[in-house]
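Novice: Please read through the structure below; I'll follow up with questions.
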Ligand SMILES: Nc1ncnc2c1ncn2[C@@H]1O[C@H](COP(=O)(O)OP(=O)(O)OP(=O)(O)O)[C@@H](O)[C@H]1O
Ligand SMILES: [Mg+2]
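Structure, rendered in structure tokens:
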């Protein structure tokens, strides 16, 4: 018989006790893992959602002259040297270095037409990307599916007296109103949206694009870098970042990250305390046994070896099981919180970290009571219950 | 030369109003190879005295010397080594490790020695044979009777054949037949050269020893002179 046999026999022959101990520690570890991974993937989710929320990069035609507008007021003259972006250039967007950060690309074609004595601005869009970009849009009816269908803004529909299903003539072509936007409070209210190919056809802008709105993920990459890369690729366009959007988004993300960091810290502390107190209590209970070892002539180091080996085995399994349980719980939480099933990645760092931390705390918590018991006179230790 | 020597040892527990003087000022000398019985009423301080002699309890005052070494001046590790090599201890309440079976409990003092595993097992089995419990070697302490536990505790104390054996009521839980067996075993160990200090309530058992001392109220009440041993 060697010292490690003593430790192993204890774990083997007191299964119920060891089970309770492992469960106690496991609960602490699992709680930490669950909360950390939940906040982590919520932060990621939030970043994703925000990045899709409206454009943060604009590509407009490169104009030779200076802009002739101020505060949104068009002072005229712009249309004379108004150039257009070549649609071919847009294919290069996906080839930039940070292409992975480009979330949505929504090209647009503008055209003015007259109907019932009103001048109206029509916008040709790719409805799939436009709807993804403008998540706040609420449509009565449906978004256009055919080139002959249009979506009209709230104000435009009132002004033109165009209800759902009514017909509208635009430059000799007949369109059906398939959807009406609820009031957005933005320029969209007075616009008429139609399909991109349709607008290019009727406004005679084949292969040309008036403007591109881009939503880029900006969690880790600087938007200005993406802007630079896009500028290099699109000679016919002028690429600008919508600064307010970029900064506001970063602010929101940072404050959420700070919040989740604070929660994580608190949870980590509480979990550590649970593990610490549980382990310490279990070693404290064994003062008498330690008294026997000491009376028989084991040195402190021999006793520590037994106790710490046990603590290691117990906290190792508690850490591992706690991680798995924590991940399971997180999966449950995320499933309940979001409608679409969550994408949960098994984080290697988190697994190693939780096992390592459980062992570290388990050993620390056992060390002090074991050392205190080993330092007692054996007779005294033997008296404790 | 005196082998074990207590010089003016005193032990107090607690402080202030709760202070208990368990042993007050005892001088005692024990020779090598001697078998000595300590008697006295319950609470008179016998166990306290025995613990101090055996290196398990540091005295409040005074010294314990074994082979002229002041054992309580030793560093903790040295004192532990000393206990392991020189002393076997049979406790009043057995003190078996509940999750180790009989043979593992008996082997416990060998867990940190350099014997081979085979040798450890052989020593443990021979100690178990002496106390007649070889057939229950694989039982856990809670699967044997109180008397059997007592005998396992004895086997554990003698397994590494220490030169000194301290026994606190080794027959307290045994019937007269088993009790006699244990006394015969102690006599045999003593005749092989082991020094034995035994606490007992039984006059009959005390008579097996070379010498009887009596403790009352933490003091030596009666002490026979050490006998001359025919070495
Ligand atoms: N750790 C302790 N704390 C406080 N009092 C103690 C402690 N150990 C012993 N005592 C007291 O010291 C006195 C002597 O105790 P001890 O155990 O030595 O008696 P004993 O002679 O062995 O009795 P018994 O025959 O019942 O075993 C008793 O009054 C006891 O209550
Ligand atoms: Mg006693």
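Protein chains in written order, with the working numbering: chain A, 534 to 918; chain B, 1243 to 1473. Note that the Cβ used here is the ideal one computed from N, Cα and C, for glycine as well.
1. Using a cut-off of 9 Å between C-beta atoms, extract the partners of residue 910 of chain A located in chain B.
2. Anything in the region 1344–1356 of chain B with a Cβ closer than 8 Å to a Cβ of chain A? List those residues in chain order, please.
3. Here's a check: name, in chain order, each residue in its chain whose Cβ is nearer than 6 Å to the Cβ of residue 862 of chain A, leaving out the five neighbours to either side.
4. How many Å lie between residue 894 of chain A and residue 541 of chain A at the Cα?
5. Alpha carbon to alpha carbon, how far is residue 864 of chain A from residue 614 of chain A? Give it in angstroms, no decimals.
6. Quick one: what's got a C-beta closer than 6 Å to residue 1385 of chain B's C-beta in the same chain, skipping five residues either side?
7. Any Cβ of chain B within less than 9 Å of the Cβ of residue 582 of chain A?
8. Residue 649 of chain A: buried (16+ other C-beta within 10 angstroms of its C-beta) or exposed?
9. Would you tell me roughly how many angstroms separate the C-alpha atoms of residue 804 of chain A and residue 898 of chain A, rounded to the nearest one?
10. Pick helix, strand or coil for residue 783 of chain A, following the three-state DSSP scheme.
11. Identify each residue in the region 777–794 of chain A for which the Cβ-Cβ distance to at least one residue of chain B is less than 8 Å, and report them in chain order.
12. Which bits of chain B does residue 802 of chain A rub up against, with CB to CB less than 7 Å?
13. Within 9 Å of any Cβ in chain B, is that where the Cβ of residue 850 of chain A sits?
14. At a CB-CB cut-off below 9 Å, which residues of chain B make contact with residue 819 of chain A?
15. In the structure shown, what three-state DSSP assignment does residue 614 of chain A receive?
16. Taking Cβ positions, are residue 1365 of chain B and residue 1331 of chain B nearer each other than 9 Å?
17. Is it right to say residue 1435 of chain B is buried, meaning 16 or more other beta carbons lie within 10 angstroms of its own, or is it exposed?
18. Are residue 1287 of chain B and residue 1457 of chain B closer than 9 Å when you measure CB to CB?
19. Quick one: residues with CB closer than 5 Å to any heavy atom of ligand 1, in chain order, please.
20. What does residue 1410 of chain B pair with, by DSSP beta-bridge criteria?
21. For ligand 2, I want to know if residue 1547 of chain B counts as a neighbour, meaning its beta carbon is within less than 8 Å of at least one of the ligand's heavy atoms.
22. Indicate whether residue 850 of chain A and residue 1318 of chain B have their beta-carbon atoms separated by less than 9 Å.
23. Among A:658, A:634 and A:790, which one has its Cα closest to the Cα of residue 644 of chain A?
24. Indicate whether at least one CB of chain B lies closer than 9 Å to the CB of residue 567 of chain A.
25. With DSSP run on the structure shown, which of helix, strand or coil describes residue 1284 of chain B?
26. Using the beta-carbon of each residue, which ones in chain A are nearer than 8 Å to residue 1378 of chain B?
27. Heavy atom of ligand 2 less than 8 Å from the Cβ of residue 1441 of chain B, yes or no?
28. With a threshold of 8 Å, are at least 3 pairs of Cβ atoms found where one atom belongs to the region 1375–1391 of chain B and the other to the region 1411–1419 of chain B?
29. Exposed or buried, residue 572 of chain A, counting other C-beta atoms within 10 Å across all chains shown (16 or more means buried)?
30. Exposed or buried, residue 1273 of chain B, counting other C-beta atoms within 10 Å across all chains shown (16 or more means buried)?
31. Identify which residue in A:588, A:653, A:651 and A:628 has its Cα closest to the Cα of residue 639 of chain A.
32. Return the CA-CA distance between residue 1473 of chain B and residue 1361 of chain B, expressed in angstroms with no decimal places.
33. Determine the burial state of residue 628 of chain A: buried for a count of at least 16 other Cβ atoms within 10 Å of its Cβ, exposed for fewer.
34. Apart from the five residues just before and just after residue 612 of chain A, which ones in its own chain have a Cβ nearer than 6 Å to its Cβ?
35. Counting only C-beta atoms, is residue 868 of chain A closer than 9 Å to chain B at any point?
36. Would you tell me roughly how many angstroms separate the C-alpha atoms of residue 579 of chain A and residue 621 of chain A, rounded to the nearest one?
Specialist: Short version:
1. The answer, in chain order, is 1293, 1298, 1299 and 1300.
2. Answer set for the region 1344–1356 of chain B: 1346, 1349, 1350, 1351, 1352, 1353 and 1354.
3. Apart from the 5 residues on each side of it in sequence, residue 862 of chain A sits with its Cβ closer than 6 Å to the Cβ of 567 in its chain, given in chain order.
4. Taken atom to atom, the span from the alpha-carbon of residue 894 of chain A to that of residue 541 of chain A is near 20 Å.
5. Note that residue 614 of chain A scores a pLDDT of 49, beneath 50, so its modelled location is shaky and nothing firm can be said.
6. Answer for residue 1385 of chain B: no residue qualifies.
7. So, not an interface residue.
8. Taking all protein chains shown into account, residue 649 of chain A has fewer than 16 neighbouring C-beta atoms within 10 Å of its C-beta and is therefore exposed.
9. Taking the straight line from one Cα to the other gives about 13 Å.
10. Three-state result, residue 783 of chain A: helix.
11. Those residues of the region 777–794 of chain A that come within reach of chain B (Cβ to Cβ, closer than 8 Å) do not exist; the list is empty.
12. Chain-ordered listing is empty here: chain B has no CB closer than 7 Å to the CB of residue 802 of chain A, the nearest sitting near 34 Å.
13. Cβ-Cβ to chain B under 9 Å: no for residue 850 of chain A.
14. The premise fails here: residue 819 of chain A is roughly 10 Å from chain B at the closest Cβ pair, so nothing lies under 9 Å.
15. Low local confidence applies: a pLDDT of 49 at residue 614 of chain A is under 50, so the model's placement there is unreliable, with the coordinate-based value given in what follows. Three-state DSSP puts residue 614 of chain A in coil, outside helix and strand.
16. Taking a C-beta distance under 9 Å as the contact criterion, residue 1365 of chain B and residue 1331 of chain B do not qualify as a contact pair.
17. Answer is exposed; the Cβ neighbour count stays below 16.
18. Cβ atoms of residue 1287 of chain B and residue 1457 of chain B: closer than 9 Å.
19. With the cut-off at 5 Å, the residues found are B:1255, B:1262, B:1264, B:1284, B:1285, B:1286, B:1287, B:1288, B:1289 and B:1290.
20. Residue pairing by DSSP places residue 1410 of chain B opposite B:1441 in a beta bridge.
21. Summary: the structure shown does not reach residue 1547 of chain B, with chain B confined to residues 1243 through 1473, and so no result is reported for it.
22. No, they are not a contact pair.
23. For the residues A:658, A:634 and A:790, the minimum Cα distance to residue 644 of chain A belongs to A:658.
24. Not one chain B Cβ lies under 9 Å of residue 567 of chain A.
25. In the three-state reduction of the DSSP assignment, residue 1284 of chain B falls in the coil class.
26. Result: empty, since nearest Cβ-Cβ is about 16 Å, beyond 8 Å.
27. Proximity of the beta carbon of residue 1441 of chain B to ligand 2 is indicated: a heavy atom of the ligand is located closer than 8 Å.
28. Touching, per the Cβ criterion.
29. With at least 16 other beta carbons inside 10 angstroms of its own, residue 572 of chain A counts as buried.
30. With 16 or more other CB atoms across the displayed protein chains lying within 10 angstroms of its CB, residue 1273 of chain B is buried.
31. Here the closest residue by C-alpha is A:588.
32. For residue 1473 of chain B, the predicted model reports a pLDDT of 47, less than 50, meaning its position is unreliable; a value from the coordinates is still stated below. Looking at the backbone, the Cα of residue 1473 of chain B and that of residue 1361 of chain B are separated by about 31 Å.
33. The residue is exposed, with fewer than 16 neighbouring Cβ atoms inside 10 Å.
34. Any reading at residue 612 of chain A needs caution, since the residue's pLDDT is 49, under 50, leaving its predicted position unreliable; the model's value is listed next. In the same chain as residue 612 of chain A, and ignoring 5 residues on each side of it, no C-beta atom comes closer than 6 Å to its own.
35. At a cut-off of 9 Å between beta carbons, residue 868 of chain A makes no contact with chain B.
36. Rounded to the nearest angstrom, the two C-alpha atoms are 33 Å apart.
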